[in-house]
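Report on the structure given below.
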Amino acid sequence: MKKKQEKKDKSIIRRRLWNGSIIAALVAALTVFGVMLQMEKNMLTNYERGKVYVAAKEIPKGQVLSKENFELYLEECFLDKSFIPKTAVIEETQIEELLAMETIEEGVLLTTGMFEKLDEITAKMNEPVVAGVKAEDLYQMVGGTLRTGDRIHIYSVTEEGTELVWENVFVQAVFDQAGTIISNEDNSTAVQRMNVYLDKNEVQRFYSELTAGTLRVVKVWD
Numbered sequence: 675m676k677k678k679q680e681k682k683d684k685s686i687i688r689r690r691l692w693n694g695s696i697i698a699a700l701v702a703a704l705t706v707f708g709v710m711l712q713m714e715k716n717m718l719t720n721y722e723r724g725k726v727y728v729a730a731k732e733i734p735k736g737q738v739l740s741k742e743n744f745e746l747y748l749e750e751c752f753l754d755k756s757f758i759p760k761t762a763v764i765e766e767t768q769i770e771e772l773l774a775m776e777t778i779e780e781g782v783l784l785t786t787g788m789f790e791k792l793d794e795i796t797a798k799m800n801e802p803v804v805a806g807v808k809a810e811d812l813y814q815m816v817g818g819t820l821r822t823g824d825r826i827h828i829y830s831v832t833e834e835g836t837e838l839v840w841e842n843v844f845v846q847a848v849f850d851q852a853g854t855i856i857s858n859e860d861n862s863t864a865v866q867r868m869n870v871y872l873d874k875n876e877v878q879r880f881y882s883e884l885t886a887g888t889l890r891v892v893k894v895w896d
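Per the numbering used here, the sequence shown starts with residue 675, numbered consecutively.
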């Protein structure tokens with residue numbers, strides 16, 4: 675009888691130890707879970723998001739951004755503030771009336787360095803003016819492929835030789851046969867007329883050589 679009792683007591687002790695282990699493990703698991711929840715809460719508290727703008731669609735080179743087309747080209751996006759560069763566009767006004775220096779692909783995070791002011795283009799001119807040119811007056815007009823924002827070199831070709839007269843001239847706008855501005859997204863319509871920025875003191879020579887038919891244009895490829 676004594677041996678049976680001892681065996682019974684040992685069995686009870688083992689069950690109690692086993693139950694105690696289970697309870698201890700459960701308490702430990704709950705403690706770890708609580709700690710993890712608190713850590714996650716702290717991480718979420720420290721995670722601050724900031725608004726930025728990305729390209730809602732491809733922004734062509736030379737495209738001027740304005741209130742009229744913000745909705746077309748800009749899309750709001752929210753990122754962890756630690757990932758947002760200092761030059762990121764966070765307000766539409768930062769790039770209002772600025773033009774894209776290069777083609778910007780859809781989804782790209784926009785930064786101020788991707789755009790430039792028209793003032794910067796004409797800054798070195800004493801008195802900038804816009805000069806209009808017809809395709810028939812300027813040899814080939816680069817096959818009609820020019821678009822707003824392009825840069826061109828203009829040469830004078832005479833019997834005496836070829837001279838580079840105007841370098842990196844900015845194309846202010848291009849037009850079709852009906853006089854409608856051609857969008858930079860239009861890759862098929864041929865240019866029939868264009869406007870370029872020139873210094874006022876160069877306009878007389880420009881139109882004199884146009885009349886004489888000596889001017890030729892080449893497009894600057896980046």
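All C-beta atoms in this analysis are idealised placements derived from N, C-alpha and C, irrespective of residue type, glycine included.
Please determine, among the options, the residue with the shortest C-alpha to C-alpha distance to residue i.
i: aspartate 811; options: Arg821, Lys798, Ile828, Thr796; result: Ile828
i: valine 804; options: Val891, Tyr881, Gly787; result: Tyr881
i: isoleucine 855; options: Glu883, Glu841, Arg821; result: Arg821
i: glutamine 866; options: Lys808, Gln846, Thr885; result: Lys808
i: glutamate 841; options: Asp873, Lys755, Met868; result: Asp873
i: glutamate 883; options: Gly853, Thr836, Pro759, Glu766; result: Thr836
i: glycine 818; options: Glu834, Phe757, Met868, Asn875; result: Met868
i: glycine 823; options: Val816, Val845, Glu834, Asn800; result: Val845
i: alanine 797; options: Tyr871, Phe744, Ala852; result: Tyr871
i: glutamate 848; options: Lys725, Lys791, Met815; result: According to the sequence shown, residue 848 is valine rather than glutamate. Taking only the C-alpha atoms, the option nearest valine 848 is Met815.
Report the three-state DSSP secondary structure of residue i (helix, strand or coil).
i: arginine 821; result: coil
i: lysine 808; result: strand
i: serine 740; result: coil
i: valine 861; result: The sequence as given places asparagine at residue 861; valine does not occur at that position. Note: asparagine 861 maps to coil in three-state DSSP.
i: valine 894; result: coil
i: aspartate 754; result: strand
i: threonine 888; result: coil
i: glutamine 851; result: coil
i: methionine 815; result: helix
i: isoleucine 856; result: coil
i: methionine 799; result: coil
i: glutamate 876; result: helix
i: glutamate 794; result: helix
i: glutamate 745; result: helix
i: glutamate 837; result: strand
i: tyrosine 881; result: helix
Give every residue of the same chain whose Cβ lies closer than 8 Å to the Cβ of residue i, excluding the five residues on either side of it in the sequence, and list them in chain order.
i: threonine 832; result: Thr888
i: lysine 731; result: Leu746, Tyr747, Glu780
i: aspartate 683; result: Confidence at aspartate 683 is low in this model, with a pLDDT of 49, below 50, so the placement of that residue should be treated as unreliable; the coordinate-derived value is given next. Around aspartate 683: no qualifying Cβ.
i: valine 877; result: Val803, Ala805
i: arginine 723; result: Phe752, Leu753, Asp754, Lys755
i: leucine 691; result: For leucine 691, the predicted model reports a pLDDT of 49, less than 50, meaning its position is unreliable; a value from the coordinates is still stated below. The answer is none, since no qualifying residue turns up.
i: alanine 729; result: Tyr747, Leu748, Glu749, Ile778, Glu779, Glu780, Gly781, Val782, Leu784
i: asparagine 800; result: Asp873, Lys874, Asn875
Excluding five sequence neighbours on each side, which residues of the same chain lie with their C-beta closer than 6 Å to the C-beta of residue i?
i: isoleucine 826; result: Val843, Val891, Lys893
i: aspartate 860; result: none
i: proline 734; result: Thr777, Asn858, Glu859
i: isoleucine 769; result: Leu739, Val763, Phe789
i: threonine 863; result: Asp850, Ile856
i: lysine 678; result: Because lysine 678 carries a pLDDT of 49, less than 50, the predicted location of this residue cannot be relied on, and no value is offered for it.
i: methionine 710; result: none
i: tyrosine 727; result: Leu748, Val763, Leu784
Between residue i and the rest of its own chain, which residues show a CB-CB distance below 7 Å, the 5 nearest in sequence each way excluded?
i: leucine 838; result: His827, Tyr829
i: proline 759; result: Thr785
For the pair the segment 737–749 and the segment 770–777, tell me if three or more CB-CB distances fall below 8 Å. yes
Going residue by residue through the segment 752–791, where are the continuous beta strand (DSSP E) segments of at least 3 residues, counting only ones entirely within it? 772–774
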